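In the numbering used here, the protein residues as written are 17 to 264.
Here a beta-carbon is modelled for each residue, glycine too, at the ideal position from N, C-alpha and C.
Please read these numbers as outputs of a predicted model, since none were measured by experiment.
Everything on this sheet refers to the single structure shown next.
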Amino acid sequence: MNLHLINLGYGLLDLLFPPNCPGCGLLGLHWCEHCHNKVNKITPPFCEHCGNPQSLQLKRCDCSQTIPHLDLLRSYAFYLPPLSSAIHQFKYNRDFMLANSLAFYLHNMYNEYKLESDIIIPVPLNKKRLRERGFNQAGLLANNLAKKVGLPYVTQALFRTRKTRSQVGLSRLERLANVQDAFSATPAIVEDKRILIIDDVTTTGATMEACAKALKEAGAKVIVGLSIARALPTSNGFSDHEIYPTSV
Ligand SMILES: [Zn+2]
Ligand SMILES: [Zn+2]
């Protein structure tokens, strides 16, 4: 089915079953202006390499050790309501129309940081989760961004090589171990390329770093990681766990 027919289908669906804004419940919109204006954008000062706000850093940022293969890592906003509600609605309640609203935030960063890339790829989902969920949320976002900026969206560049459990609820060290050497890249596709890799939420950056390591080992030149939201450290782990503890 071509995109126009799909969009027409969504348009008719919206008439039959009007959507609710996931942030405030407003009837008729997938994401409203009021909630968009309440998004907690991450603003300077933050670490030039990993984008971590200085207010969250205990001492000096140690990202040269924790994400050595990522040339740049940025998230648009903090993972807090109403944005976290929109991401949750997109990911777990399959509101695919939100992909366009959420990719707007990626597009905004792409322009703001004057990024230059050859291809755009998603953080891959493992096969079991892909079967359960039926789609890769990072893939929908990456595809939408690729269309907005006119770059190739590539799905065959990076693969999961083994099963990993969800990162939600794990500590920083557990997250690192969970995704270590869990990815492999295709040299014929990534060699000498500048690559933009997309995810929905960044917590410690461990997943993005594991992807970047595999891509660099396969010959990629520059890796920039972009995500919509950055989870906040809390007394009990990270805000991706605390806001929706059952959404593993
Ligand atoms: Zn709203
Ligand atoms: Zn840093």
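Item	Value
Buried versus exposed, by CB contacts within 10 Å (16 or more), ASN68	buried
Ligand 1 heavy atom lying under 6 Å from the CB of GLY39	yes
Cutoff 6 Å; reference ASN56; Cβ partners in own chain excluding five residues on either side	ALA93, PHE94, LEU96
Continuous alpha helix (DSSP H) stretch holding PHE106: start and end	99–108
Straight-line Cα distance separating LEU89 from ILE136	14 Å
Status (buried if at least 16 other CB within 10 Å, exposed otherwise) for LEU19	The predicted model places LEU19 with a pLDDT of 43, which falls under 50 and marks its position as unreliable; any figure quoted below should be read in that light. The residue is exposed, with fewer than 16 neighbouring Cβ atoms inside 10 Å.
Element boundaries [alpha helix (DSSP H), containing LEU231]	222–233
7 Å Cβ cutoff met for THR223 and VAL170	no
Beta-ladder partner(s) of ASN36, from DSSP	LEU43
Pick from LYS130, GLN105, ARG176 that is closest to ALA198, judged by C-alpha positions	ARG176
Buried versus exposed, by CB contacts within 10 Å (16 or more), GLU49	exposed
Contact the region 32–49 vs the region 75–87: 3+ CB pairs below 8 Å	no
ASN53 burial status per 10 Å Cβ neighbour count (16 or more: buried)	exposed
HIS85 Cβ short of 6 Å to ligand 2 heavy atom set	no
Integer Cβ distance of LEU161 from ALA119, believed to fall under 8 Å	5 Å
Close-in-space but distant-in-sequence residues of the same chain around GLY44 (CB under 6 Å, 5 per side omitted)	PRO34
Which residues DSSP lists as bridging ILE244, in chain order	Partner(s): none; ILE244 has no beta bridge.
Supposed close pair ILE214, LEU157 - CB separation, criterion 8 Å	5 Å
Between the CA atoms of ALA204 and GLN172 - distance to the nearest angstrom	10 Å
Paired residues, beta bridge with PRO69 - DSSP	PHE62
Beta strand (DSSP E) segment containing THR218, residue limits	210–218
ASN68: CB within 6 Å of a non-hydrogen atom of ligand 2	yes
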